[in-house]
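Novice: Just dropping this structure here.
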Amino acid sequence: MKIREVVLGPVTPLSLLVVVLVVCSLTSINIYLNPPPPETEQEAPEVWFYIYIENLSWSNYTKYDIDCWVPAGMTLEEFVVEGGYNTYEEGALHGFGDPNVSTGEFYLMWKPYDSFNDWKSALEYATGLVGIDVQCNETALMYEIPSRYSWQDHNYVMSLLNGTGAYSDEFIGVFEALKCDKTNRTFIFLYINFKEFKYYDYKYNGAVYGATYRCHPYEGTPLDLIIGYPYKPD
Amino acid sequence: MPLFITVLNKMSSPAHEVSRNDYKSGRYDFIDFTRGVVMIVMAWDHLAGFWGKYKGGKTLIDRAPFPQVFAWFMSRFITHYCAPTFIFLAGTVLAVSTARRLALGQTQTDASVRILKRGLILVFLQYFVVNGAWDKQGDLFSYLFCVIACIGACFIIFSVARFLPPNIILALSLLIIMNHQFLKLDWIPNNVWWGHYIRVIIHEPNEVDWYPFTGRYPVIPWVGVMGLGWVFGLLLNGYDSSNVGRLVKPLLIVGFLAKALWFIIRFFNGYGNLRLRMDDSLWEWLWLAKYPPSLGFLLWTLGGTALIMAIGLILFERFNPSKGGLGFITTLGRTALFFYIAHLWVYRFRLPGALPSDIKLDFIPSVIAWLAGLPVLWQLCVRYERLKGRHPNSILQYI
């Protein structure tokens, strides 16, 4: 078999100019047809919370990136997760248990990136409670998270909070994606399911659950799709 | 410009019209120098990935004490040059070597089959040799679609695409690089492993979902980067050791122009940025999306590639490329693929299938470990080069 070389004409300065013009024109059309999402237009920090408490199904999450970590000092095999799978191989998604069979409440929220100075005020605003006791600062535990589950070029900060009042004796894990691509939002995932939480002793509490949402550069606003309805506090 | 046009036209013509003189050596020292430089930097990146205490994303870097925090950040940032340079020059060398083989009488069919074979071998190497080194869970084989497989896939594409005229390849490459951020693959199902894996390979790198069907280097937009390299290779074919120095000025112009365009794109903080700049700190300016690479990322890094090549040309006008430090670097560049495979296993420093150690090194010990590994790798590369020279027709010709 003989392959015939295709020659569509000589390269000239004019043809190179055409190449540049065509590429730039098509790119301009693409930019026009694909405006940036409104979230990037940093308006006043109006705070919207999306709260979903019951009957959350993990199947809704399969299209999004969810990372998971194993508590310090534990292996994956030791990381027993209530009602679900516990191995990374079976999907990080399943590392957090099945909320449909657990007894805890799930709070799923997002807020504009710079809306709150800290999680204490964010949670107080969200729950309507005051005096929530923040036990650890935002980066207190990151060092202990095995690096094998951290991604290059993605930025997560994990926080741990110990609730008081209505949430006393319960554990709240807060995972914050500080800097999101495109959306410029902060995502929070709360898991409230533990008794006698001691922030310094994971094993005592059995396990740490939590999830964080990577702000996928192409998905844009994943939580909007998941939750479906907004709850805007008056 | 006139020379550029002449050369491109020359390459658009039937291969037999190309003079054998142009390809007498088949190697350009400044290309080997550039590849060698990024190989050395890449070795640092991977050593730090295997053993570094704070390597692994900004969150970990933030944990480092001052001033290490800056050192860790910059030590990751400079390694961004590696993959774009590696892939760009893969296209360049492919164009140069293909033209040389055609000039020596190889048929178009044989040339395409050879490129196809190389592509398939690279994909094989990724899955069966490279991924074992990356593994963190004791697996010797995985489906991680990373840089070697990406280059292999691009080679497969170029076994056919090379028949397109240079200006078409240039246009398509630029179109891909400048527009890939608008690509939507929603029509490919993501709730089945094969659909997810196809999306990963095409354009949506992902290391978590549907494990083990993961990947970091999607074919789009990297095939565009290789296309630019291919066109540069065609241009290069018109030069030999007596006049290749004339490329210094164009390379410097292109390099600085790319950096200037990067600044503009980063300044406006919209199009071309897959990761937006959150404030005006240096880190935010330099924190670019690599997976997949944004236009800003490619402008910065490929601009750097052009500058490194210019530096190589300047150096080789004054110094012997085969002696001293330059000889060290060009040796690594000549055996780039072998170096890539070898350095992973050397710096991994544990047997195949063995799980990662809990030992993590601070910055200075990491640097020492990196430097200690380089002479070892150089020795391996020298010996490999000799072995390859003794068996020019073996499978080693593809590596």
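So the protein lines, in turn, are chains A and B. The opening residue of the first sequence carries number 1 in our numbering; numbering runs sequentially from there. The opening residue of the second sequence carries number 235 in our numbering; numbering runs sequentially from there. Glycine is no exception: its CB is placed at the ideal position from the N, C-alpha and C atoms.
#1: Label G163/A either buried or exposed according to how many other C-beta atoms from any shown protein chain fall within 10 Å of its C-beta, with 16 as the threshold for buried.
#2: Leaving out five residues before and five after F553/B in sequence, what residues of the same chain have Cβ atoms less than 7 Å from its Cβ?
#3: When the Cα atoms are used, what is the spatial distance from G479/B to N471/B?
#4: Relative to the alpha-carbon of G463/B, which residue among Y288/B, Y262/B, V327/B and D263/B has its alpha-carbon at the smallest distance?
#5: For M276/B and chain A, any beta-carbon pair shorter than 9 Å?
#6: For the putative contact between V616/B and T564/B, defined by C-beta atoms under 8 Å, what is the C-beta separation to the nearest angstrom?
#7: Please report the Cβ distance between W456/B and C380/B, rounded to the nearest whole angstrom; I am assuming they are in contact, meaning their Cβ atoms lie under 8 Å.
#8: Quick check: what's the CA-CA separation for C25/A versus G506/B?
#9: By alpha-carbon positions, which one of L374/B, S515/B and W517/B ends up nearest to R584/B?
#10: Mind checking L571/B: buried by the 16 CB within 10 Å criterion, or exposed?
#11: Note down, in chain order, every chain A residue with its Cβ under 7 Å from the Cβ of Y405/B.
#12: What does L26/A reach in chain B if we use C-beta pairs closer than 8 Å?
#13: Pull up the DSSP beta-bridge partners for L595/B, would you.
#14: Does N440/B come out as helix, strand or coil in the three-state DSSP assignment?
#15: Entirely within the region 510–595 of chain B and at least 4 residues each: give me those alpha helix (DSSP H) ranges in chain order.
#16: Starting from L14/A, find everything on chain B with Cβ-Cβ shorter than 7 Å and list it in chain order.
#17: Does the distance from the C-beta atom of L268/B to that of T319/B stay below 9 Å?
#18: At a Cβ threshold of 9 Å, is F307/B touching chain A?
#19: For a test of the three-state rule: what should DSSP assign to G479/B, helix, strand or coil?
#20: With burial defined as no fewer than 16 other Cβ atoms inside 10 Å of the residue's Cβ, what is the status of D263/B: buried or exposed?
#21: Can you grab the Cα-Cα spacing for the pair A367/B / K524/B, in whole Å?
#22: Starting from the C-beta of K289/B, find all residues in its chain whose C-beta is less than 6 Å away, skip the five residues before and the five after it, and write them out in chain order.
#23: Below 8 Å, how does it come out for the region 310–324 of chain B and the region 400–409 of chain B: are there three or more Cβ pairs, yes or no?
#24: Please compile the residues from chain A whose C-beta is within a distance smaller than 7 Å of the C-beta of N401/B.
#25: Roughly how many angstroms lie between the CA atoms of D344/B and L589/B, to the nearest whole one?
#26: So, G489/B versus A540/B, is the Cβ gap smaller than 9 Å?
#27: Count the other C-beta atoms from every protein chain shown that fall within 10 angstroms of the C-beta of S628/B, then say buried if there are 16 or more, exposed otherwise.
#28: Under a three-way DSSP split, which group does N137/A fall into?
#29: Return the first residue and the last residue of the alpha helix (DSSP H) that G506/B is part of.
#30: L469/B to S15/A, Cα distance in whole Å?
#31: Pull up the distance between the alpha-carbon of F307/B and that of S476/B, whole angstroms please.
#32: For chain A, is any of its Cβ atoms less than 9 Å away from the one on F416/B?
#33: Compare the C-alpha of V20/A against each of L408/B, H437/B, L323/B and S393/B and name the closest.
#34: Under a CB-based cut-off of 9 Å, is Y505/B close to chain A?
#35: Which whole-angstrom value describes the C-beta separation of G607/B and Y581/B, a residue pair presumed to lie in contact below a C-beta threshold of 8 Å?
#36: Closest to A305/B by C-alpha separation, out of V364/B, G286/B and A329/B, would be which residue?
Specialist: The relevant details are as follows:
#1: Interpretation of G163/A is limited by its pLDDT of 26, a score under 50 that renders its predicted location unreliable; the figure taken from the coordinates is listed afterwards. Burial call: buried.
#2: L560
#3: 13 Å
#4: V327/B
#5: no
#6: That belief does not hold up - the Cβ atoms of V616/B and T564/B are roughly 11 Å apart, past 8 Å.
#7: With a Cβ gap of about 11 Å, W456/B and C380/B do not count as contacting.
#8: For the record, residue 25/A in the displayed sequence is Ser; it is not Cys. For S25/A and G506/B, the distance between alpha carbons rounds to 15 Å.
#9: L374/B
#10: Buried, by the Cβ-count rule.
#11: A quick correction: the sequence has Ala, not Tyr, at residue 405/B. V19, V22 and V23, listed in chain order.
#12: L409 and N413
#13: G286/B
#14: strand
#15: 516–520, 529–552, 558–568 and 570–582
#16: Result: empty, since nearest Cβ-Cβ is about 10 Å, beyond 7 Å.
#17: Just to set this straight, residue 268/B is Thr in the shown sequence, not Leu. Here T268/B is near T319/B, since their CB atoms are less than 9 Å apart.
#18: The C-beta of F307/B comes no closer than 9 Å to any C-beta of chain A.
#19: G479/B falls in the helix class under three-state DSSP.
#20: buried
#21: 21 Å
#22: Once the five neighbours on either side are set aside, the close Cβ partners of K289/B are A282 and G283.
#23: no
#24: Listed along chain A are V11, S15, L16 and V19, each with a C-beta nearer than 7 Å to that of N401/B.
#25: 43 Å
#26: yes
#27: exposed
#28: In this prediction, N137/A scores a pLDDT of 31, lower than 50, which makes its location untrustworthy; the coordinate-derived value is nonetheless stated afterwards. Of the three classes helix, strand and coil, the one that applies to N137/A here is coil, per DSSP.
#29: G506/B -> no alpha helix (DSSP H), and no H or E assigned at all.
#30: Rounded to the nearest angstrom, the two C-alpha atoms are 16 Å apart.
#31: In a straight line, the C-alpha of F307/B is about 41 Å away from that of S476/B.
#32: yes
#33: L408/B
#34: Interface criterion met: the Cβ of Y505/B is under 9 Å from a Cβ in chain A.
#35: 6 Å
#36: G286/B
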